[in-house]
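Notes follow once the structure below has been shown.
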Amino acid sequence: MNFVALDFETASNQRHSACSVALTVVRKSKIVDHYYSLIKPETEFFWRNIQVHGITQRDVHNAPSFPEVWEEIKPFFTENKLVVAHNLPFDRGVLQGCLDYYNLEQPHFQTLCTVQSSRKLMTELPNHKLNTVCDHLGIRLDNHHNALEDSNACAAILLYLEDHFGTDPLKKLVKHI
1 MNFVALDFET
11 ASNQRHSACS
21 VALTVVRKSK
31 IVDHYYSLIK
41 PETEFFWRNI
51 QVHGITQRDV
61 HNAPSFPEVW
71 EEIKPFFTEN
81 KLVVAHNLPF
91 DRGVLQGCLD
101 YYNLEQPHFQ
111 TLCTVQSSRK
121 LMTELPNHKL
131 NTVCDHLGIR
141 LDNHHNALED
151 SNACAAILLY
161 LEDHFGTDPL
171 KKLVKHI
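Heads up: the sequence shown at position 78 corresponds to 78 in UniProt numbering, and the numbers run straight through without jumps.
This is the structure in structure tokens:
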């Protein structure tokens with residue numbers, strides 16, 4: 001499989017408040033590259049978000065803005081590329097929220113949610129949160145809510161599902177946006 005696993009962390013409940021992003025690049029079912037960046041959002045940080053991921057206003061003081069980061073990562077979101085996330089509606093929403101906020105063109109790509117695919121294929125789990133699935137599969141997740149660790153874990157989950165269930169049931173879950 002070829003895909004990019006995506007994870008965002010946000011400064012607040014505003015969808016355009018991305019404060020970090022990570023991509024894990026998979027080619028021929030092997031992780032081949034990573035991307036991580038803090039992002040300086042144009043919004044204040046909410047205490048609850050800081051409590052979740054530990055990123056503060058001070059951490060992003062010298063970070064690039066979303067449009068600067070987008071210029072670097074945009075090639076990963078081209079037509080027919082597969083973008084994967086654990087709880088895809090959240091990460092897709094953050095991406096779309098940031099693109100809308102900065103008046104940037106929305107790309108079209110294929111998507112797959114590893115929450116949905118693990119729910120469908122691993123029915124024995126009590127829930128399908130990232131840490132629960134990782135614990136069950138023995139995937140290391142030392143710093144949950146660090147965007148890079150979460151995108152790596154998401155990629156590892158999909159690679160496990162591909163290895164144990166094949167690509168056919170996964171292809172049925174791919175959506176186009």
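Glycine included, C-beta positions come from ideal geometry on N, C-alpha and C.
Neighbour-count burial assignment, residue i, 16 or more Cβ in a 10 Å radius
{"i": "GLU9", "result": "buried"}
{"i": "TRP70", "result": "buried"}
{"i": "HIS61", "result": "exposed"}
{"i": "ASN143", "result": "exposed"}
{"i": "GLU149", "result": "buried"}
First and last residue of the uninterrupted beta strand (DSSP E) at residue i
{"i": "ARG27", "result": "18 to 27"}
{"i": "ILE31", "result": "30 to 38"}
8 Å contact criterion, which residue i and residue j should meet: CB distance rounded
{"i": "ALA155", "j": "ILE31", "result": "6 Å"}
{"i": "ILE157", "j": "ILE139", "result": "7 Å"}
{"i": "LEU104", "j": "PRO67", "result": "7 Å"}
Unbroken alpha helix (DSSP H) run spanning residue i, endpoints
{"i": "LYS120", "result": "114 to 121"}
{"i": "HIS164", "result": "147 to 165"}
{"i": "LEU104", "result": "Where LEU104 is concerned, there is no enclosing alpha helix (DSSP H), given that its DSSP letter is neither H nor E."}
Short Cβ contact (7 Å threshold) for residue i with residue j
{"i": "VAL84", "j": "LEU112", "result": "yes"}
Beta-bridge pairing of residue i - partner residues as DSSP gives them
{"i": "GLU9", "result": "SER20"}
{"i": "THR111", "result": "VAL83 and LYS175"}
{"i": "VAL94", "result": "Answer is none; VAL94 lacks a bridge partner."}
{"i": "VAL4", "result": "VAL25 and VAL83"}
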